[in-house]
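Enquirer:
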Amino acid sequence: MSTTLASCNAKGAIGYDTTLVPLADGGIVREASSDELIPAPPGTLEYVLPGRHPLTTIGPIAGRNVLAVALPAGYTRLLLPAYATDRAAPALPLFGYTFACAIDDRLHVAAARTDECEDWEPRGFAAGELEALIVRRRSAQPHNRVLRQVALCSLEYACFTAQNVFLERGEAALPVSPKCNARCIGCISEQEGDGPPSPQTRIADEATARELADVAIYHLHRAFDGIVSFGQGCEGEPLLRSISIARAIEMVRAQCSNGTVNLNTNGSLPSALARCIDAGLDAVRISLNSFRAHVYDAYYRPAGYELADVLESVRLAAARGIRVSLNLLTHPGVTDDEQELLAMEAFLRESPVSMVQTRSLNIDPAVYFEAVGRPRRPIGMRRAIERIRALSPVGNFTHTH
Numbered sequence: 033m034s035t036t037l038a039s040c041n042a043k044g045a046i047g048y049d050t051t052l053v054p055l056a057d058g059g060i061v062r063e064a065s066s067d068e069l070i071p072a073p074p075g076t077l078e079y080v081l082p083g084r085h086p087l088t089t090i091g092p093i094a095g096r097n098v099l100a101v102a103l104p105a106g107y108t109r110l111l112l113p114a115y116a117t118d119r120a121a122p123a124l125p126l127f128g129y130t131f132a133c134a135i136d137d138r139l140h141v142a143a144a145r146t147d148e149c150e151d152w153e154p155r156g157f158a159a160g161e162l163e164a165l166i167v168r169r170r171s172a173q174p175h176n177r178v179l180r181q182v183a184l185c186s187l188e189y190a191c192f193t194a195q196n197v198f199l200e201r202g203e204a205a206l207p208v209s210p211k212c213n214a215r216c217i218g219c220i221s222e223q224e225g226d227g228p229p230s231p232q233t234r235i236a237d238e239a240t241a242r243e244l245a246d247v248a249i250y251h252l253h254r255a256f257d258g259i260v261s262f263g264q265g266c267e268g269e270p271l272l273r274s275i276s277i278a279r280a281i282e283m284v285r286a287q288c289s290n291g292t293v294n295l296n297t298n299g300s301l302p303s304a305l306a307r308c309i310d311a312g313l314d315a316v317r318i319s320l321n322s323f324r325a326h327v328y329d330a331y332y333r334p335a336g337y338e339l340a341d342v343l344e345s346v347r348l349a350a351a352r353g354i355r356v357s358l359n360l361l362t363h364p365g366v367t368d369d370e371q372e373l374l375a376m377e378a379f380l381r382e383s384p385v386s387m388v389q390t391r392s393l394n395i396d397p398a399v400y401f402e403a404v405g406r407p408r409r410p411i412g413m414r415r416a417i418e419r420i421r422a423l424s425p426v427g428n429f430t431h432t433h
């Protein structure tokens, strides 16, 4: 099975060149191996990377632009595209860029299937169908600010957890916090200075505990095994509003004993997390990009906390008996660096978790490598996932068991 170059012309038209062998970036530039490539799955999105020329075994191809892809949910990226960059090339938007090539005239991508869930399959709606569901649901609670936000996220950002509020199934979003105690260089809801624009606009309102609880109760009354989740991509850090979250959880559990109440968080405030657990929190997903402080700090740029607090939150939640998942923001050449894996393995042996959710980090790879450094010993993302799986289940979605 031989790989051939898939790239784009200046207008974005995709072409295959069977005379050229493309190179990929896994922290070091090399050819992709056959076990790192799969046919592009349904839901794959194709991107043109302007001012970036694909690297091949004979050098950069100046007349072509790089073709990269974004993967659908349930897949983990294994390699980045390799390219030479023009001086005037614009910064890349905050998406996850995956290496793509052609094999036998079919597009292939560097990815592994790491989870399956029908609630996260790409969805199609008939004309006006989603809008009608939103109008019907909002009419029941017309002044609820949570519903107003998830309606926006459903239509503008095609957010599945927001759409689930109106589909009355699966995991439903409960955005809660406009503030954050980190300044992530890849933040998808608020960027500083002259960085690339965030693909979402951060929520501006602090919904009340009553508003949050009303949406959650409505959802769990209709989705018996459903999940309601505080902490979404359109907001800051939910633990900064732990008092309101705890009150909302108490209201929910006063009326619903079914389903799962989940919190997605950076884990920065163990005492605030404990407050939510005391109120009846069932599950938590804690996000991080690294188990090494210097790599974590370079990306998250935390304010008033450190990686040790995040890891303490993991230990606390596990000790309290709730379901604990790690939302591991993966990036080829960083996640699969040998020193990173050793640090990860040491922590997972000490503090087992229910699942490690691998999530492709949405960022310009050049920006990320500049911040955290190039690896010394990348072993490949497929091998890294195998090593993680030896200590914890690996997936991509919030699971309840």
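Here my numbering is used: the first residue of the sequence shown is 33, the next is one more, and so on. The C-beta atom is built at its ideal place from N, Cα and C for all residues, glycine as well.
Going by CA-CA distance only, name the one from His175, Ser39, Asp246 that's closest to Gly83.
Expert: Comparing Cα-Cα distances from Gly83 to each of His175, Ser39, Asp246, the minimum goes to Ser39.
Enquirer: By the 10 Å Cβ neighbour count, where 16 or more other Cβ atoms means buried, how is Val247 classified, buried or exposed?
Expert: Counting Cβ neighbours within 10 Å, Val247 comes out buried, since at least 16 surround it.
Enquirer: Determine the burial state of Asp136: buried for a count of at least 16 other Cβ atoms within 10 Å of its Cβ, exposed for fewer.
Expert: Asp136 is exposed by the Cβ-count criterion.
Enquirer: I'd like the span of the beta strand (DSSP E) that includes His175, first residue to last.
Expert: Segment: none, His175 is in no beta strand (DSSP E) and carries neither H nor E.
Enquirer: Name the residue from Pro73, Ala142, Glu78 whose alpha carbon lies nearest to the alpha carbon of Thr35.
Expert: For Thr35, the nearest C-alpha among the options comes from Ala142.
Enquirer: Express the C-alpha separation of Glu243 and Asp314 in angstroms, rounding to a whole number.
Expert: If I take the Cα positions, the gap works out to 20 Å.
Enquirer: If you check the beta carbons only, do Arg414 and Glu370 fall under 9 Å apart?
Expert: Contact flag unset, no.
Enquirer: Quick one: what does DSSP say Glu267 is sitting in, helix, strand or coil?
Expert: Of the three classes helix, strand and coil, the one that applies to Glu267 here is coil, per DSSP.
Enquirer: Using beta-carbon positions only, say whether Ala64 and Phe131 come within less than 9 Å of one another.
Expert: Yes; because the gap between Cβ atoms is below 9 Å, this pair is in contact.
Enquirer: So Ser300 and Tyr337 are in contact, right, with Cβ under 8 Å, and what is the actual spacing, rounded?
Expert: About 4 Å; that satisfies the 8 Å criterion.
Enquirer: Would you list the one or two residues that DSSP bridges to Pro410?
Expert: The partner list for Pro410 (beta bridge, DSSP) reads Asp369.
Enquirer: Which class does Thr50 belong to by DSSP, given the choice of helix, strand or coil?
Expert: Thr50 falls in the coil class under three-state DSSP.
Enquirer: Cβ atoms of Leu373 and Arg419: under 9 Å apart, would you say?
Expert: Yes, the pair counts as a contact, with Cβ atoms nearer than the cut-off.
Enquirer: Just the C-alpha distance for Thr240 and Leu272, rounded to the nearest angstrom, thanks.
Expert: Cα to Cα, Thr240 sits roughly 14 Å from Leu272.
Enquirer: Answer yes if the segment 211-229 comes into contact with the segment 258-272, meaning at least three C-beta pairs across the two stretches below 8 Å, and no otherwise.
Expert: At 8 Å Cβ cutoff, the stretches touch.
Enquirer: Strictly by DSSP, which residues pair up with Cys40?
Expert: DSSP lists Ile46, Asn97 as partners of Cys40.
Enquirer: Three or more C-beta pairs under 8 Å: does that hold for the segment 51-59 against the segment 107-115?
Expert: Because the criterion of three Cβ pairs below 8 Å is met, the segment 51-59 and the segment 107-115 touch.
Enquirer: Compute the Euclidean distance between the alpha carbons of Arg215 and Arg119, then round it to the nearest angstrom.
Expert: Answer to the nearest angstrom: the Cα atoms are 27 Å apart.
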